[in-house]
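Notes follow once the structure below has been shown.
There are 2 protein chains.
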Amino acid sequence: MSKAQSFYDAHQGTLEKAIATNRSREFWSPYPEVASGRIYGETANIDGRARFDGYLGQPFALEVPAVAEQVGEEESPYGLALNIGYDRPDTEALIARQLAAMPAWRDAGIEARAGVCLEILDRLNKRSFEMAYAVMHTTGQGFMMAFQAGGPHAQDRGLEAVARAFAEMQQVPQSASWVKPQGKHPALAMQKTFRVVPKGISLVVACATFPTWNTYPGLFASLVTGNPVIVKPHPGAVLPVAISVQIAQEVLAEAGFDPCLVSMAPDSRQSPVTKALAQHPAVKLIDFTGSSAFGNWLEQNCPQADVFTEKSGVNTLIIDSAASLKPVGRNLAFTLSLYSGQMCTTPQAIYIPRDGIDTDDGHLSFDEVAATLSGSISKFLSNPEVAVNVLGAIQSTDTLARIDECAGLGEVLLASETLAHPDFANARIRTPLLLKVDAAAIETYSEERFGPVTFLIATDSTEHSFALARKVISEKGAITLGVYSTSDSVLDQAQELALDVKVALSCNLTGGVFVNQSAAFSDFHATGGNPAANASLTDGAFVSRRFVVVQSRRDVPPPAAE
Amino acid sequence: MSKAQSFYDAHQGTLEKAIATNRSREFWSPYPEVASGRIYGETANIDGRARFDGYLGQPFALEVPAVAEQVGEEESPYGLALNIGYDRPDTEALIARQLAAMPAWRDAGIEARAGVCLEILDRLNKRSFEMAYAVMHTTGQGFMMAFQAGGPHAQDRGLEAVARAFAEMQQVPQSASWVKPQGKHPALAMQKTFRVVPKGISLVVACATFPTWNTYPGLFASLVTGNPVIVKPHPGAVLPVAISVQIAQEVLAEAGFDPCLVSMAPDSRQSPVTKALAQHPAVKLIDFTGSSAFGNWLEQNCPQADVFTEKSGVNTLIIDSAASLKPVGRNLAFTLSLYSGQMCTTPQAIYIPRDGIDTDDGHLSFDEVAATLSGSISKFLSNPEVAVNVLGAIQSTDTLARIDECAGLGEVLLASETLAHPDFANARIRTPLLLKVDAAAIETYSEERFGPVTFLIATDSTEHSFALARKVISEKGAITLGVYSTSDSVLDQAQELALDVKVALSCNLTGGVFVNQSAAFSDFHATGGNPAANASLTDGAFVSRRFVVVQSRRDVPPPAAE
Numbered sequence: 001m002s003k004a005q006s007f008y009d010a011h012q013g014t015l016e017k018a019i020a021t022n023r024s025r026e027f028w029s030p031y032p033e034v035a036s037g038r039i040y041g042e043t044a045n046i047d048g049r050a051r052f053d054g055y056l057g058q059p060f061a062l063e064v065p066a067v068a069e070q071v072g073e074e075e076s077p078y079g080l081a082l083n084i085g086y087d088r089p090d091t092e093a094l095i096a097r098q099l100a101a102m103p104a105w106r107d108a109g110i111e112a113r114a115g116v117c118l119e120i121l122d123r124l125n126k127r128s129f130e131m132a133y134a135v136m137h138t139t140g141q142g143f144m145m146a147f148q149a150g151g152p153h154a155q156d157r158g159l160e161a162v163a164r165a166f167a168e169m170q171q172v173p174q175s176a177s178w179v180k181p182q183g184k185h186p187a188l189a190m191q192k193t194f195r196v197v198p199k200g201i202s203l204v205v206a207c208a209t210f211p212t213w214n215t216y217p218g219l220f221a222s223l224v225t226g227n228p229v230i231v232k233p234h235p236g237a238v239l240p241v242a243i244s245v246q247i248a249q250e251v252l253a254e255a256g257f258d259p260c261l262v263s264m265a266p267d268s269r270q271s272p273v274t275k276a277l278a279q280h281p282a283v284k285l286i287d288f289t290g291s292s293a294f295g296n297w298l299e300q301n302c303p304q305a306d307v308f309t310e311k312s313g314v315n316t317l318i319i320d321s322a323a324s325l326k327p328v329g330r331n332l333a334f335t336l337s338l339y340s341g342q343m344c345t346t347p348q349a350i351y352i353p354r355d356g357i358d359t360d361d362g363h364l365s366f367d368e369v370a371a372t373l374s375g376s377i378s379k380f381l382s383n384p385e386v387a388v389n390v391l392g393a394i395q396s397t398d399t400l401a402r403i404d405e406c407a408g409l410g411e412v413l414l415a416s417e418t419l420a421h422p423d424f425a426n427a428r429i430r431t432p433l434l435l436k437v438d439a440a441a442i443e444t445y446s447e448e449r450f451g452p453v454t455f456l457i458a459t460d461s462t463e464h465s466f467a468l469a470r471k472v473i474s475e476k477g478a479i480t481l482g483v484y485s486t487s488d489s490v491l492d493q494a495q496e497l498a499l500d501v502k503v504a505l506s507c508n509l510t511g512g513v514f515v516n517q518s519a520a521f522s523d524f525h526a527t528g529g530n531p532a533a534n535a536s537l538t539d540g541a542f543v544s545r546r547f548v549v550v551q552s553r554r555d556v557p558p559p560a561a562e
Numbered sequence: 001m002s003k004a005q006s007f008y009d010a011h012q013g014t015l016e017k018a019i020a021t022n023r024s025r026e027f028w029s030p031y032p033e034v035a036s037g038r039i040y041g042e043t044a045n046i047d048g049r050a051r052f053d054g055y056l057g058q059p060f061a062l063e064v065p066a067v068a069e070q071v072g073e074e075e076s077p078y079g080l081a082l083n084i085g086y087d088r089p090d091t092e093a094l095i096a097r098q099l100a101a102m103p104a105w106r107d108a109g110i111e112a113r114a115g116v117c118l119e120i121l122d123r124l125n126k127r128s129f130e131m132a133y134a135v136m137h138t139t140g141q142g143f144m145m146a147f148q149a150g151g152p153h154a155q156d157r158g159l160e161a162v163a164r165a166f167a168e169m170q171q172v173p174q175s176a177s178w179v180k181p182q183g184k185h186p187a188l189a190m191q192k193t194f195r196v197v198p199k200g201i202s203l204v205v206a207c208a209t210f211p212t213w214n215t216y217p218g219l220f221a222s223l224v225t226g227n228p229v230i231v232k233p234h235p236g237a238v239l240p241v242a243i244s245v246q247i248a249q250e251v252l253a254e255a256g257f258d259p260c261l262v263s264m265a266p267d268s269r270q271s272p273v274t275k276a277l278a279q280h281p282a283v284k285l286i287d288f289t290g291s292s293a294f295g296n297w298l299e300q301n302c303p304q305a306d307v308f309t310e311k312s313g314v315n316t317l318i319i320d321s322a323a324s325l326k327p328v329g330r331n332l333a334f335t336l337s338l339y340s341g342q343m344c345t346t347p348q349a350i351y352i353p354r355d356g357i358d359t360d361d362g363h364l365s366f367d368e369v370a371a372t373l374s375g376s377i378s379k380f381l382s383n384p385e386v387a388v389n390v391l392g393a394i395q396s397t398d399t400l401a402r403i404d405e406c407a408g409l410g411e412v413l414l415a416s417e418t419l420a421h422p423d424f425a426n427a428r429i430r431t432p433l434l435l436k437v438d439a440a441a442i443e444t445y446s447e448e449r450f451g452p453v454t455f456l457i458a459t460d461s462t463e464h465s466f467a468l469a470r471k472v473i474s475e476k477g478a479i480t481l482g483v484y485s486t487s488d489s490v491l492d493q494a495q496e497l498a499l500d501v502k503v504a505l506s507c508n509l510t511g512g513v514f515v516n517q518s519a520a521f522s523d524f525h526a527t528g529g530n531p532a533a534n535a536s537l538t539d540g541a542f543v544s545r546r547f548v549v550v551q552s553r554r555d556v557p558p559p560a561a562e
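Protein sequences, first through last, are from chains A and B.
FYI, full-length UniProt numbering numbers position 399 of the first sequence as 399, with every residue one higher than the one before it.
FYI, full-length UniProt numbering numbers position 353 of the second sequence as 353, with every residue one higher than the one before it.
Take a look at the structure:
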């Protein structure tokens, strides 16, 4: 039995459960999110930290056909010196090598490719602590979030992509017998075979804030459907990608395939390579997470490729009314604090009627609502240990500068403060900035302000809030829409808005689930139907465009008459 | 029960069988291809003919929101005067009307929409004779082909699209209960709903040669997924589209929906409307069958839409060897004669070693092979009744001119002759032109020559044939590749070529199936993986890109502990 097949056999149960859960959309995950030694092994944390420390100041070892240059300019948002060197492969040599390796990977078949992917995910899971440190010290996420979002939750999204693509490929039989009756004459009979054939080389452009979570879906969807993959990491967050690629290469080689089928093409801010890679004629698939400007450029300038983007948007909350505002405040305090709003799902625009809202505790003015929200955030962050772990650090100095620039955009309800980290003196830690603006200032709040910047927007009414949200989401896009209301008709209106502007809706979240969280197998991340993204994690369109079906048919003798 | 639901209930069995057959890819069709009164009713032919005659010289009645102008310039390739007038709707009025109708169609749900689509197909089937006359006298197809390809086979492709899209939509549950355990704490619990939401207005650009077969897949895939559809017929073949739209409008209205959800936007050669429609911001889906020049323009200039194209290509045959050449000749005589090669699947380039081929009857020189092929065609067409019915008429005067222009491109092995039609004195009937060229004349045979023009290409060897086919198909595309060989290793090589250039392969066809035929539910028409087409009829990518999923979620109390 081939190694790939034995990987498949070992993980087949996981795959089947993933396919089933992806259909039922219930809760499930094979990768525990609790960073516990009892689950991952008593020495897992120490071992992971040691592996991470071992990378620092060293060249990172990956299989590369021909090295063009050494790059490496990562800086930990916590101030830790990384100084890791990475090989940038020569583009033509890499593409030639991948094209040469593609037929064997294609011909290995669906189960062998799935087996390799599932084994990669399993080994990624076992190295979740190491990954957590790598994600923490590149993205700035707090350790716990780096463990979960960078590890098990990213692995979940990778598995989801494998499962969805596997199910899609399985819809086509490997062979068919086609017998067409011809009345009194012998039937026409043909034997047909059908083969899944990859599109070509797949370029996955990773982002600096979620280098694994946003990368694995495209990477694994492309790989399992037979396409060689080049991951182009953000210069600021290479290590999590490098570790992922290293594990993929290790499994591919063990299974007898060219490890370069998954490769990394790192670059520097001074000499970016993405545009040249994206327009290479051999590149047929592009996955991108990042700015709208670059995502739109990719969509419009790479006609040789199918382009899947997740871009900027203006995530939105509409507060109409609430049974009690306190739990709303608690929920939103965590939502707005988590990773200092550096998530593609964090609300930026919160629409509230200028005359205030009704609650079961009576009517609250706009300013009372605003005070509850800012008070909840302040209270939540008053525990410094909680604060630094939930906020994490600011990934880029651009975001840091933006926070200060934005302070002049409205009436400051809550100023962004700099917090000290007990362990990292130079950590860039900032609390959320909360601004009050009038609905008329649409130019201000309808531009994405990536980072911990939130606008409370005073509107004429909830009707007005809906109209503004409709306009802004239609034009600028959004991945999340949250609504708070005790009125069924307002919730119905929210549902209508969500359907019209094609955005995922969360209603009245006051518990332990937050509008900016998206669970694999159950939640679709982005719809692909508004300007914030042209793809969805993970729907049929995300996987089915990565391969074609090539059939072969031949005459056979008609079956004997009965 | 709603009318739409009763349509669904009436046709549910057909839908389920279509979904199952689409997965098994065996033979099946609910729409009989035999133009028989015993199946379609004793007066079906007379009634159909009468309905067709009734359209001549009249304005055609369709629901149109606001009429911009009257158009109509169809001419029967058989010389019959048509003089039918069609309303061209005002574009903005039509789009406004369709956008207003879209939410009700979206909210009707999957089964209601499928019910309406299935009822439309059923009524189209009942009017197959009428459609046959309409298709014959616009495309030039012979009556029997017009009946089959314009009627039941087109309906099959429409049903296939409905079935594939229905199965795709069904993969997403309408609701889910998500319960995430939290150790000793109460579980997190959410109720989620998922809704299929259409992309927007769907533009289907029809061609002059197969105005129903190539139109129904896009039309029905878009309609069943909730998108309003505008069909833009070719100015030379409007009537088959008009009848189809009329039936769709009738069923939509009966079911309580706006009939304009399916509309027609005819234009004239002098004032084409396609580009303006295709770039309209409300148009989110475009299906196109026609020239590579226009298809490529659509792919590159309509970034607001998902574009599905079937374009030009150079369909290919490679003759390496044969048990006996006679049945090959008989098979190819029909293949090359059928509808005078005006099919997107008819071979244009036939590669044969210049030193000839081996057969069980001994070695045959290139010229002997060529003589067998031309002799087979001549013999097949020697019966005038068979000839005119199989050849049909030449749809466009451009094609007519092309045949004569091409006669100078090589050594004429078989001249294209003009045949008289017993019933239509002015019918444009031409037999196939067969040319011998050297492999070096690649510029000549690698350009698509739409119509009855075939090149027999003298190559150094079968290896050389494969290399040339690989180059031409990679660069120009192809929908079909046929190979004749008695050698397993050559057939393996053919399979490798097919996988590499992503083209459907037919091996050693000598019976009653022809390389240019493609059966719904079983054969994928085009792969979408080479320059001849970016889409495939009908794969997952063809349907899944026509809708997005919008979810809504809310907290619910955790389930009681057991």
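Even for Gly, the Cβ is constructed at its ideal location relative to N, Cα and C.
{"Asked": "Cys406/A - containing alpha helix (DSSP H), residue span", "Found": "397-406"}
{"Asked": "Buried versus exposed call for Gln551/A [16 or more other C-beta atoms within 10 Å across all chains shown]", "Found": "buried"}
{"Asked": "Pair within 8 angstroms by beta-carbon distance, Val197/A and Leu499/B", "Found": "yes"}
{"Asked": "Under 7 angstroms by beta carbon: chain B residues contacting Gln174/A", "Found": "Those within 7 angstroms of Gln174/A in chain B number zero; the least Cβ separation is about 10 angstroms."}
{"Asked": "Stretch pair the segment 8-19 of chain A + the segment 137-155 of chain A: three plus CB contacts closer than 8 angstroms", "Found": "no"}
{"Asked": "Closest Cα partner of Ala134/B within the set Ala349/B, Ile84/B, Pro32/B", "Found": "Ile84/B"}
{"Asked": "Partners in chain E for Ala504/B, counting only beta-carbon separations shorter than 7 angstroms", "Found": "Absent here is chain E; the protein component of the structure consists of chains A and B."}
{"Asked": "Beta-carbon spacing of Asn315/B, Thr359/B below 8 angstroms", "Found": "no"}
{"Asked": "Sequence ranges, alpha helix (DSSP H) only - wholly within the segment 527-556 of chain B, length at least 4", "Found": "540-544"}
{"Asked": "Residues in the segment 237-254 of chain B having any Cβ partner in chain A nearer than 9 angstroms", "Found": "none"}
{"Asked": "Arg430/A in three-state terms, based on DSSP", "Found": "strand"}
{"Asked": "Inter-residue spacing [alpha-carbon to alpha-carbon] between Asp361/B and Lys326/B", "Found": "10 angstroms"}
{"Asked": "Listed by chain order, chain A residues near Arg330/B by CB distance under 9 angstroms", "Found": "Correct list: empty, because the minimum Cβ distance to chain A is about 13 angstroms."}
{"Asked": "CB contact below 8 angstroms: Cys406/B versus chain A", "Found": "no"}
{"Asked": "Delimiting residues of the beta strand (DSSP E) encompassing Asp287/B", "Found": "283-289"}
{"Asked": "Buried/exposed call for Pro281/B, threshold 16 Cβ in 10 Å", "Found": "exposed"}
{"Asked": "Contacts of Met190/B in chain A (Cβ-Cβ under 7 angstroms)", "Found": "Val513"}
{"Asked": "Min CB distance Ser177/A to chain B below 8 angstroms", "Found": "yes"}
{"Asked": "Sequence-distant residues of its chain with Cβ nearer than 8 angstroms to Gln48/A (five each side left out)", "Found": "Looking at the sequence itself, residue 48/A is Gly, so the reference to Gln does not match. These residues qualify, in order along the chain: Arg127, Ser128, Phe129, Glu130, Met131, Ala132, Tyr133."}
{"Asked": "Boundaries of the alpha helix (DSSP H) in which Gln249/B is found, first to last residue", "Found": "239-254"}
{"Asked": "Neighbour list for Glu299/B in chain A, Cβ cutoff strictly below 8 angstroms", "Found": "Pro303"}
{"Asked": "Closer than 8 angstroms at the beta carbon, the chain A residues around Val197/B", "Found": "Leu499, Lys502, Thr527, Gly529"}
{"Asked": "7 angstroms Cβ shell around Arg449/B - same chain, five flanking residues per side excluded", "Found": "Gln348, Arg402, Cys406"}
{"Asked": "Range covered by the beta strand (DSSP E) that runs through Thr316/A", "Found": "316-319"}
{"Asked": "Cβ neighbour criterion (16 or more within 10 Å) applied to Glu111/B", "Found": "buried"}
{"Asked": "In chain order, each beta strand (DSSP E) run of at least 3 residues that lies wholly inside the segment 25-98 of chain B", "Found": "67-71, 86-89"}
{"Asked": "N- and C-terminal bounds of the beta strand (DSSP E) containing Gly362/B", "Found": "362-364"}
{"Asked": "Below-8 angstroms beta-carbon distance, Phe524/A vs any chain B residue", "Found": "yes"}
{"Asked": "Within-8 angstroms CB hit, Asp539/B to chain A", "Found": "yes"}
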